[in-house]
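Below: the structure, in structure tokens.
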Amino acid sequence: MISVDSITKKYSENTVVDQVSMQFPVGKITSLIGANGAGKSTLLSIISRLLKQNNGNIMINDKNLESYKSRALAKQLSILKQSNHLELKLTVRELIGFGRFPYSQGKLTKQDEVKIAEAIDFLDLGDIQDKYIDQLSGGQKQRAFLALVVAQDTDYILLDEPLNNLDMKHSVQIMKRLEQLCKEKGKTIIIVIHEINFASHYSDYIVAMKNGKIIHSGATQDIMNPKVLSEVFEIDFEIIHKSGKQLCNYFY
Amino acid sequence: MKISQLIILLFLLVILSIFVGVSDISLLNFLKWDEQQRLVMVISRIPRTAALILAGVGMSVCGLIMQQMTQNRFVSPTTAGSLDAAKMGILASLIFIPQAGLWFKSLFAFGFTFLASIIFLKIADRIRYRNVIFIPIVGLMFGGILNSITTFFAYKNDIVQNVNAWMMGDFSGVLQGQYELIYFSVPAVVITYLYANKFTLVGMGEDFSKNLGLNYRAVMNIGLFCVSLTVSVVVLTIGTIPFLGLVVPNIVSVLFGDNLKNTLPITAIFGAIFLLICDILGRLIIFPFEIPIGMTVGLIGGVIFLILLIRQRS
């Protein structure tokens, strides 16, 4: 389990994450929502040791984040940041192979190859596995990076706006795969997401942030409430109930 | 093009390089060489060819590693101030310990190059506007500043010519007993090969490598060490060879991709081939005189670089 305790991150006088405490449920998809600059991505980076917090503790499987060796942590937790605009000419397969780096340091074993093949299958990349990354469309690229994370095979997967720049079809594809990772492989997924209806439809829990603080958190149906959402985003919401799911209309 | 073909080409060029020169030595008359010819061989031709290979390999690999470390295709020892820093190091050694041998000079050059590379990386890191051309331009400016400081102190101490003579890339002066320092680039290149996978990751960015558990700082420091060592020994034994570290990795990247485990050896061999061709041309064009290597490499490399720039835009 990932639990964070009074995390604070400041840039000079500017407090980006303010005394955040939270426990993220295991084996579920949790969405982090909130306006731009609410501190969601920063929190995600801190949990995944890419940024150092000014204050507070992170526990992963009841062990303090700081006592993890970076390589050991890379087998437990993976993070995919937004905008991986790599210009490197690596093939899809080579890129996914790097997901096995924490295990084999680049010399791929038979087991690594099996995991890579699985990841390629899982994201339907078979046809384009020998193409260079810089030749791919946005949707294919995002799938390739997700495959790298799948090959990394960590219990915790953190994704920072994985749907950024994707059209609806590809967004749905990615979210379905995440759902599958969660249900079939028991992964714990934390995702920063802007499109509220995607969050509503695919996540089990939602954490809402505003000005560096968590202002609401809970099961999806409890957060998908006009009052709560208006408070988070400062615009009006209408919630439409449709076959057990909630949809937002915020076009007023 | 396969790596085996490149090796064959390299081998042919080595033979050619050994037998092209002012004194007429024929491969066919191997058994009939007189003492004079044998001496030319051992003292000049073989050392020159070895130096060409090592400088070609070293500078190309340095360029590749620097490009990975800055995630920028247009960074190289020429466009990051490394050569100017090495020059500054030589100046410092000439001023502080005028009687210093090559060892001291190389120590100074290494130290200055290392420091300058750290500063350049810090600058590149701070530039928010990560335009692909902007960073090498900053590097050129940085090199320009270092260079003007060097020139100022060289002028004050009346050693402008002395310093410039050190910097002029020239293989004709490579003689047995005076060039062996360049062999120090061999361990540096071997280390980069052992770390090839890690440098590929470094090229994908700090966050990306950290996610995969790579000790980013440590790999960067190893890269800095290898680059500084290679650049300083090449500058001291040969002088500066512009564009080599820029052009060769870029050509290899276009042809073979960016997985360093595969492309690093190709870059190394390609660098040696490129430099051998340039030097042999330089020896032949105005035979029996020579065109300085900097000119042939600059010309051929410059044209290729321009083509790459234009392709980048389209």
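Chains A and B are the protein sequences, given in the same order.
Here my numbering is used: the first sequence runs in plain steps of one and ends on residue 252.
Here my numbering is used: the second sequence runs in plain steps of one and ends on residue 314.
Even glycine gets a Cβ: it sits at the ideal position worked out from N, Cα and C.
No experiment lies behind these values; they were computed from the predicted model shown.
Check: By the three-class DSSP mapping on this structure, what secondary structure does F24 of chain A have?; Outcome: strand
Check: Using a beta-carbon distance cut-off of less than 9 angstroms, what residues from the stretch 61 to 86 of chain A approach chain B?; Outcome: K69, S70, R71, A72, L73, A74, K75, L77, S78, I79, L80, K81, N84 and L86
Check: Where does the unbroken alpha helix (DSSP H) through S106 of chain B begin, and where does it stop?; Outcome: L102 to R126
Check: Is the stretch 164 to 183 of chain A touching the stretch 99 to 114 of chain A in the sense that three or more CB pairs, one from each, lie closer than 8 angstroms?; Outcome: no
Check: Quick one: complete alpha helix (DSSP H) runs, 4+ long, within the stretch 31 to 114 of chain A?; Outcome: 40 to 47, 70 to 73, 92 to 97 and 101 to 104
Check: Output, in sequence order along the chain, the residues in the stretch 46 to 57 of chain A whose CB is closer than 8 angstroms to any CB in chain B.; Outcome: S48, R49 and L50
Check: Strictly below 7 angstroms CB to CB, what residues from chain A border M204 of chain B?; Outcome: L86 and L88
Check: Output the boundary residues of the alpha helix (DSSP H) element that contains H170 of chain A.; Outcome: M168 to K185
Check: Are G257 of chain B and K89 of chain A closer than 8 angstroms when you measure CB to CB?; Outcome: yes
Check: Compile a chain-ordered list of the residues in the stretch 208 to 219 of chain B whose CB is closer than 8 angstroms to at least one CB of chain A.; Outcome: F208, K210, N211, L212, G213, L214 and N215
Check: Chain B beta carbons: is any one of them nearer than 8 angstroms to that of Y132 of chain A?; Outcome: yes
Check: Check T49 of chain B in the structure and name its three-state DSSP category.; Outcome: helix
Check: Could you check the C-alpha separation between F98 of chain A and L212 of chain B for me, to the nearest Å?; Outcome: 8 angstroms
Check: Of the residues A:T30, A:I29, A:L146 and A:I7, which one's Cα is nearest the Cα of Q19 of chain A?; Outcome: A:I7
Check: Excluding the 5 residues preceding and the 5 following M1 of chain A in the sequence, name in chain order all residues of the same chain whose CB lies nearer than 6 angstroms to its CB.; Outcome: V26
Check: On the DSSP letters alone, give me the boundaries of the alpha helix (DSSP H) that E35 of chain B sits inside.; Outcome: E35 to L39
Check: Reducing DSSP to helix, strand and coil, say where S217 of chain A ends up.; Outcome: strand
Check: Indicate whether L6 of chain B and F305 of chain B have their beta-carbon atoms separated by less than 8 angstroms.; Outcome: no
Check: So what's M1 of chain A in DSSP terms, helix, strand or just coil?; Outcome: coil
Check: Chain B partners of G37 of chain A, CB-CB under 9 angstroms?; Outcome: What G37 of chain A touches in chain B: nothing, since even the nearest Cβ is about 17 angstroms away.
Check: Look at N215 of chain B and K261 of chain B and say whether their C-beta atoms are less than 8 angstroms apart.; Outcome: no
Check: Report the option in B:F104, B:I43 and B:T79 whose CA atom is closest to the CA atom of S117 of chain B.; Outcome: B:T79
Check: Name the chain B residues that come within less than 7 angstroms of E94 of chain A, Cβ to Cβ?; Outcome: N259
Check: Am I right that N64 of chain A and D5 of chain A are in contact with their C-beta atoms under 8 angstroms? What's the rounded C-beta distance?; Outcome: In fact, because the Cβ distance is near 10 angstroms, the residues do not count as touching under 8 angstroms.
Check: Whole angstroms are fine: how far does the CA of I291 of chain B sit from the CA of I285 of chain B?; Outcome: 8 angstroms
Check: Beta carbon of V202 of chain B, beta carbon of V219 of chain B: below 8 angstroms?; Outcome: yes
Check: Mind checking if G34 of chain A is an interface residue toward chain B, Cβ cutoff 8 angstroms exclusive?; Outcome: no
Check: L140 of chain B lies in the alpha helix (DSSP H); which residues open and close that run?; Outcome: F134 to K156
Check: What residue range is occupied by the uninterrupted beta strand (DSSP E) comprising K242 of chain A?; Outcome: E238 to K242
Check: What residues from the stretch 241 to 254 of chain B come within 9 angstroms of chain A, judged by C-beta to C-beta, listed N to C?; Outcome: S253 and V254
Check: Can you list the residues of chain B that F101 of chain A reaches, using a CB-CB cut of under 8 angstroms?; Outcome: N197, L201, L212, G213 and L214
Check: Considering only DSSP beta bridges, list what L6 of chain B is partnered with.; Outcome: The partner list for L6 of chain B (beta bridge, DSSP) is empty, contrary to what the question assumes.
Check: Along chain B, which residues have their Cβ under 7 angstroms away from the Cβ of F98 of chain A?; Outcome: L201 and L212
Check: With DSSP collapsed to three states, give me the class of L247 of chain A.; Outcome: strand
Check: Thinking just about the alpha-carbon of each residue, which of A:G106, A:V150 and A:G139 is nearest to the one in F122 of chain A?; Outcome: A:V150
Check: What are the boundary residues of the alpha helix (DSSP H) that T192 of chain B is part of?; Outcome: S185 to L194
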